[in-house]
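Peer 1: Chains as they are written, first to last, in my numbering: chain Z, 39 to 350; chain X, 39 to 350.
This is the structure I want to talk about, given as C-alpha cells.
2 protein chains.
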Amino acid sequence: MSVAGVGEFGLIDRVTARLSYGSTVLLGPGDDGALVAAPDARVVASTDVLVEGRHFRRDWSGARDVGHRAAAANLADIAAMGATPTALLVALCIPADLPIEWAEELAAGLAAEAATVGASVVGGDMSGSPTLTIAVTALGDLAGRTPVVRSGARPGDVVALAGRTGYAAAGLTVLSRGFRTPRLLVEAYRRPEVPYPAGPQAAGLGATAMIDVSDGLLADLGHVARASGVGVDVRRDAFEVPRQMRDAAQALGVDPYTWLLAGGEDHALAATFPPEVTLPEQWRPIGRVVAGAGVTVDGEPYQGVTGWDHFR
Amino acid sequence: MSVAGVGEFGLIDRVTARLSYGSTVLLGPGDDGALVAAPDARVVASTDVLVEGRHFRRDWSGARDVGHRAAAANLADIAAMGATPTALLVALCIPADLPIEWAEELAAGLAAEAATVGASVVGGDMSGSPTLTIAVTALGDLAGRTPVVRSGARPGDVVALAGRTGYAAAGLTVLSRGFRTPRLLVEAYRRPEVPYPAGPQAAGLGATAMIDVSDGLLADLGHVARASGVGVDVRRDAFEVPRQMRDAAQALGVDPYTWLLAGGEDHALAATFPPEVTLPEQWRPIGRVVAGAGVTVDGEPYQGVTGWDHFR
C-alpha cells in the first residue's frame with residue numbers, strides 16, 4: 039500500500055509505532071512538541087537534510103540504510119561539538135506513491151542508529167512532495183563540557199582523526215559504476231560507522247577544534263583552518279590504503295587517496311589537540327596545525343578534488 | 039543571480055549575514071551545531087515542513103511572507119506546549135535556479151518572525167532539490183511550567199480560543215480564485231498573527247490541554263478529544279463573522295463558517311481550562327468538554343469539511 043492509501047495521520051501512527059524512547063525523552067511524538075531532558079541547561083542542536091537523487095538513491099540503499107545514514111549525519115554533528123546526542127526530530131517529505139513499508143523502514147533505521155548512542159526519535163512532521171526529502175534535527179547534551187568549535191585550532195596543535203575516511207566515497211563510486219561489491223565499501227556507504235563517543239572524549243581531553251568529516255577530510259579541515267585563522271598540514275603516510283579499497287581503486291582506475299583525503303560521508307571526527315595531550319587509541323594523529331592558511335598534504339597543495347558543494 | 043551561481047557555502051554566508059542572535063543563543067550558525075540556552079533543563083522541540091505547491095506558492099506569497107509563515111507554524115507549536123520559543127533551525131532545499139534574493143528574503147522573514155518572541159535562527163542546512171522545501175525545527179523553554187499536552191481535557195472543562203480562525207483559509211480561497219483582496223484576509227494567509235504569549239499564559243492558568251490550530255479548529259479539537267478520551271462541543275454563536283470575511287464569502291459563494299470552524303493555518307491556540315479558572319481577555323470561551331467522543335457544533339455533528347490531510 040502507498041502512503042496516499044493510509045493518509046497522513048495513519049502513516050504517522052504506523053511510523054511512531056516503531057519507535058521506543060530512552061530516558062532523555064520526557065514527552066515523545068503525538069503532541070505539538072516533544073520534551074527532551076537538557077540536564078546541562080544548554081542544548082546542542084544541528085540540522086541536516088537528505089534529498090533523493092542527491093544524497094541517496096533508492097536503488098543503491100534500502101530504506102533502513104537511508105534512515106541509519108540520515109541519523110548518523112546529524113548525530114555526528116552533535117558528537118563533533120563534544121556532546122552526547124539525546125533526540126532526533128524528522129521532517130519527511132514523500133511522494134504519494136511511496137510504499138508505506140519504505141517509510142516504516144526508514145523510521146526503523148533512524149531509531150536504530152539513534153539508539154546506538156541512547157538517543158530517540160521524539161517528533162517530526164510529514165508532508166507529501168514530489169521529491170523524497172528527509173530533514174533531521176539532532177539535539178545533544180554537553181554534560182558541563184565546553185563545546186568544541188571549529189575556530190580554536192592553534193599552530194603547533196596535533197591534527198587527529200577518529201573513525202575512517204574514504205570508505206563511503208569508495209562505496210559510492212563502486213555503486214555508481216554499477217557494481218555491488220566489495221561489500222565492505224558498499225556497506226560503509228550505506229551505513230556509516232561513526233565514532234560517536236570520540237566526540238565527548240575529545241572535548242574532555244581539551245581538543246581545541248573539532249569537525250565532523252562530511253564533505254571530505256581536506257575540505258572539512260579547510261573549514262577548521264579558515265575558522266581558526268591557521269593552516270593545516272596532513273601527512274599522507276598517516277593513511278594506509280585498506281586492501282579492499284586498493285583493489286577497488288585499481289579495478290576502477292581511481293587514486294585511492296582521493297577517497298581517503300577527499301571522500302565525504304563516513305562521518306569520522308577530526309580534531310586538533312594541544313601537543314602535550316596524550317591521545318587515546320581512538321584518535322590517530324594525521325597532521326599538524328601550522329601558521330598560515332589553507333590545507334596542505336605533506337607541505338604541498340593537494341591536486342585532486344577536495345570536497346563537495348551541494349549546488350555545483 | 040541564482041543560488042547555483044554562488045554555491046552552497048556562498049549562499050550560507052549570504053543568508054547568515056542577515057541574522058542576529060538573542061540572549062538564548064550561546065553559539066550561532068557556522069559550526070557543526072548551535073548551542074542554545076535551556077534554563078529549564080528540559081527543551082521543547084517541534085518540526086514542521088513546508089513544500090512549495092502544497093503549503094505555499096511563490097506567486098501567492100513573497101519570500102519574506104513564506105519565512106514568516108514557516109517560522110510561525112513552528113513557534114506556535116512551542117507556544118501550544120506552554121513554552122517560550124528560543125531558537126529555530128532551518129533545512130532549506132532549493133532549486134538551482136532560485137534567485138539568491140528569494141533565499142535571503144526567506145531568511146529575513148524567518149528571523150523577523152522569530153524575533154517577535156525573542157527567538158533566533160541558530161542553524162540549518164541547505165541542499166539543492168527540484169522541490170523548494172523548508173523544514174523548520176523550533177526549540178523552546180518551559181521556565182518550570184508543566185507542559186500542556188493534548189490528553190488532559192476533562193468533561194466540564196471550558197474550551198477557549200486565543201487568536202483568530204478562518205482568516206488564513208479565507209485568504210487562501212481568495213487567492214485561489216484569482217483575487218488579491220480583501221487585503222486583510224490575503225495578508226492573514228501570508229503572515230499569520232499568532233498569539234504566542236497566550237501559550238505560556240494558559241499553562242500558568244492551569245490549562246488541562248492545548249493545541250495549535252493548524253489543520254482547522256474542529257480537526258484540531260478532534261485531536262484533543264481523541265487524546266483525552268472526551269468529546270468537545272463548540273458553540274457556533276461564539277464566532278462572529280467579520281465584515282470582510284462575510285463579504286468575501288458572499289462574493290465567492292462560500293459558507294464563512296467553513297473558514298471559521300475548519301480553516302487551518304492561522305495558528306490560533308485552542309485550550310481547555312477547568313471551569314473555575316477566570317479566563318483573561320485573550321482567551322475567548324467557545325465551547326465545552328463533554329463525556330463521549332468526537333467534536334460537535336451546538337450538539338450536532340458538523341456537516342462540512344473539517345480539516346486537512348496532507349496526503350489526500
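The C-beta atom is built at its ideal place from N, Cα and C for all residues, glycine as well.
Out of curiosity, what's the CA-to-CA distance linking GLY302 (chain X) and ALA101 (chain Z)?
Peer 2: The straight-line gap from Cα to Cα measures roughly 32 Å.
Peer 1: What are the partner residues of PHE311 (chain Z), as DSSP defines its beta bridges?
Peer 2: Partner(s): Z:VAL196.
Peer 1: Assuming MET119 (chain Z) and GLY71 (chain X) are in contact, meaning their beta carbons sit under 8 Å apart, how far apart are those beta carbons, in whole angstroms?
Peer 2: Yes, they are in contact, since the Cβ atoms of MET119 (chain Z) and GLY71 (chain X) sit about 4 Å apart, within 8 Å.
Peer 1: What's the C-alpha gap between GLU338 (chain Z) and VAL262 (chain Z)?
Peer 2: Between GLU338 (chain Z) and VAL262 (chain Z), the C-alpha separation is close to 18 Å.
Peer 1: Just curious, the beta strand (DSSP E) that LEU165 (chain Z) is in, first and last residue?
Peer 2: This sequence places Ser at residue 165 (chain Z); Leu is not what is there. Residues 158 to 166.
Peer 1: Could you confirm whether any beta carbon from chain Z is found closer than 8 Å to the beta carbon of ARG188 (chain X)?
Peer 2: Closer than 8 Å to some Cβ of chain Z, the Cβ of ARG188 (chain X) qualifies, so yes.
Peer 1: Using a Cβ-Cβ cutoff of 8 Å, what residues of the segment 220 to 253 of chain X are near chain Z? List them in chain order.
Peer 2: Here the close residues are MET248, ILE249, ASP250.
Peer 1: Under 7 Å Cβ-Cβ, which residues of chain Z neighbour ASP163 (chain X)?
Peer 2: Within 7 Å Cβ-Cβ: THR85, ASP86, VAL87.
Peer 1: Can you give me the Cβ contacts of ASP347 (chain X) inside the same chain, cut-off strictly under 6 Å, excluding the 5 residues immediately before and after it?
Peer 2: Note that ASP347 (chain X) has pLDDT 49, beneath the 50 cutoff, so the model's placement of it is unreliable and the number below is only indicative. If we look at ASP347 (chain X) and ignore the five residues flanking it on each side, it has no Cβ neighbours.
Peer 1: Using 8 Å as the cut-off, can you tell me whether the segment 278 to 286 of chain Z makes contact with the segment 201 to 219 of chain Z, which would need three or more C-beta pairs spanning the two stretches below that distance?
Peer 2: Touching, yes, given that three or more Cβ pairs across the two stretches are closer than 8 Å.
Peer 1: If you follow the alpha helix (DSSP H) that ALA101 (chain Z) is in, where does it begin and where does it stop?
Peer 2: Unbroken alpha helix (DSSP H) run through ALA101 (chain Z): 101 to 118.
Peer 1: How big is the Cα-Cα spacing for VAL53 (chain X) and VAL155 (chain Z)?
Peer 2: Those two C-alpha atoms are separated by around 33 Å.
Peer 1: Just reading off the beta strand (DSSP E) that LEU126 (chain X) is part of, what are its end residues?
Peer 2: Per DSSP, LEU126 (chain X) belongs to the beta strand (DSSP E) from 122 to 132.
Peer 1: My understanding is that HIS305 (chain X) touches PRO230 (chain X), with C-beta atoms under 8 Å, so please give their C-beta distance in whole angstroms.
Peer 2: The pair is a contact, with the Cβ atoms about 5 Å apart (cut-off 8 Å).
Peer 1: Could you tell me the boundaries of the beta strand (DSSP E) in which THR296 (chain X) lies?
Peer 2: First-last for THR296 (chain X): 294 to 300, but that is the alpha helix (DSSP H), not the beta strand (DSSP E).
Peer 1: Starting from THR175 (chain X), trace the beta strand (DSSP E) in both directions and tell me its first and last residue.
Peer 2: Per DSSP, THR175 (chain X) belongs to the beta strand (DSSP E) from 171 to 179.
Peer 1: Can you tell me whether DSSP reads THR54 (chain Z) as helix, strand or coil?
Peer 2: Looking at THR54 (chain Z) - three-state DSSP - the assignment turns out to be helix.
Peer 1: Could you check whether the Cβ of ASP50 (chain Z) sits closer than 8 Å to any Cβ belonging to chain X?
Peer 2: It should be noted that the sequence gives Ile, not Asp, for residue 50 (chain Z). Judged by the 8 Å Cβ criterion, ILE50 (chain Z) is not in contact with chain X.
Peer 1: Whose Cβ in chain Z lies nearer than 9 Å to the Cβ of ALA129 (chain X)?
Peer 2: Neighbours of ALA129 (chain X) on chain Z, chain order: THR85, ASP86, VAL87, ALA129, THR171, ALA173, VAL174, THR175.
Peer 1: Taking the alpha carbon of ARG95 (chain Z) as the point to measure from, which residue in Z:LEU49, Z:VAL74, Z:LEU170, Z:LEU73 has its own alpha carbon closest?
Peer 2: Closest by alpha carbon: Z:LEU170.
Peer 1: Taking LEU199 (chain Z) and GLN282 (chain Z) to be in contact with their CB atoms under 8 Å, please state how far apart those CB atoms are, rounded to whole angstroms.
Peer 2: No, LEU199 (chain Z) and GLN282 (chain Z) are not in contact; Cβ-Cβ is about 19 Å, not under 8 Å.
Peer 1: So which residues of chain A does PRO185 (chain X) contact, with C-beta pairs closer than 9 Å?
Peer 2: No chain A appears in this structure, whose protein chains are Z and X.
Peer 1: Measure from the alpha carbon of PHE217 (chain Z) to the alpha carbon of each residue in Z:TRP98, Z:VAL327, Z:PRO67, then state which is nearest.
Peer 2: Among Z:TRP98, Z:VAL327, Z:PRO67, the Cα nearest to that of PHE217 (chain Z) is on Z:TRP98.
Peer 1: I think ALA309 (chain Z) touches SER189 (chain Z), with their Cβ atoms under 8 Å apart; what is that distance to the nearest whole Å?
Peer 2: At roughly 13 Å, the Cβ-Cβ gap does not stay under 8 Å, so ALA309 (chain Z) and SER189 (chain Z) are not in contact.
Peer 1: Helix, strand or coil, according to DSSP, for MET283 (chain X) in the structure here?
Peer 2: Correct three-state label for MET283 (chain X): helix.
Peer 1: Would you verify that the beta carbon of ARG96 (chain Z) is, or is not, closer than 8 Å to some beta carbon of chain X?
Peer 2: Closer than 8 Å: no.
Peer 1: Anything in the segment 97 to 120 of chain Z with a Cβ closer than 7 Å to a Cβ of chain X? List those residues in chain order, please.
Peer 2: Under the 7 Å Cβ criterion, the segment 97 to 120 of chain Z contributes ASP115, ILE116, ALA118, MET119.
Peer 1: Determine whether the beta carbon atoms of TYR340 (chain Z) and LEU299 (chain Z) lie at a separation below 8 Å.
Peer 2: In contact: TYR340 (chain Z) and LEU299 (chain Z) (Cβ atoms closer than 8 Å).
Peer 1: Run through chain Z and tell me which residues come within less than 9 Å of ALA79 (chain X), C-beta to C-beta.
Peer 2: Neighbours of ALA79 (chain X) on chain Z, chain order: ALA75, ALA76, PRO77, ASP78, ALA79.
Peer 1: Return the chain-ordered ranges of every beta strand (DSSP E) run that is complete within the segment 239 to 269 of chain X and spans a minimum of 3 residues.
Peer 2: With a minimum length of 3 residues, the continuous beta strand (DSSP E) runs that stay inside the segment 239 to 269 of chain X are 247 to 251.
Peer 1: List, in order along the chain, the chain X residues whose C-beta lies closer than 9 Å to that of VAL82 (chain Z)?
Peer 2: In chain order: LEU65, ASP70, GLY71, ALA72, LEU73, VAL74.
Peer 1: Would you kindly check if the distance between the Cβ of VAL232 (chain X) and the Cβ of GLY201 (chain X) is under 8 Å?
Peer 2: Cβ atoms of GLY201 (chain X) and VAL232 (chain X): closer than 8 Å.
Peer 1: Whose CA, out of Z:ALA121, Z:GLU139, Z:PHE277, lies closest to the CA of ALA181 (chain Z)?
Peer 2: When each option's Cα is compared against that of ALA181 (chain Z), the closest is Z:ALA121.
Peer 1: If you follow the alpha helix (DSSP H) that ALA208 (chain X) is in, where does it begin and where does it stop?
Peer 2: 205 to 214 is the extent of the alpha helix (DSSP H) around ALA208 (chain X).
Peer 1: Check the C-beta distance from ALA76 (chain Z) over to ALA76 (chain X) and give it rounded, since I have them as a contact under 8 Å.
Peer 2: Confirmed, about 4 Å.
Peer 1: Closest Cβ-Cβ distance between VAL160 (chain Z) and chain X: below 8 Å?
Peer 2: Chain X, which has a Cβ nearer than 8 Å to the Cβ of VAL160 (chain Z), makes this yes.
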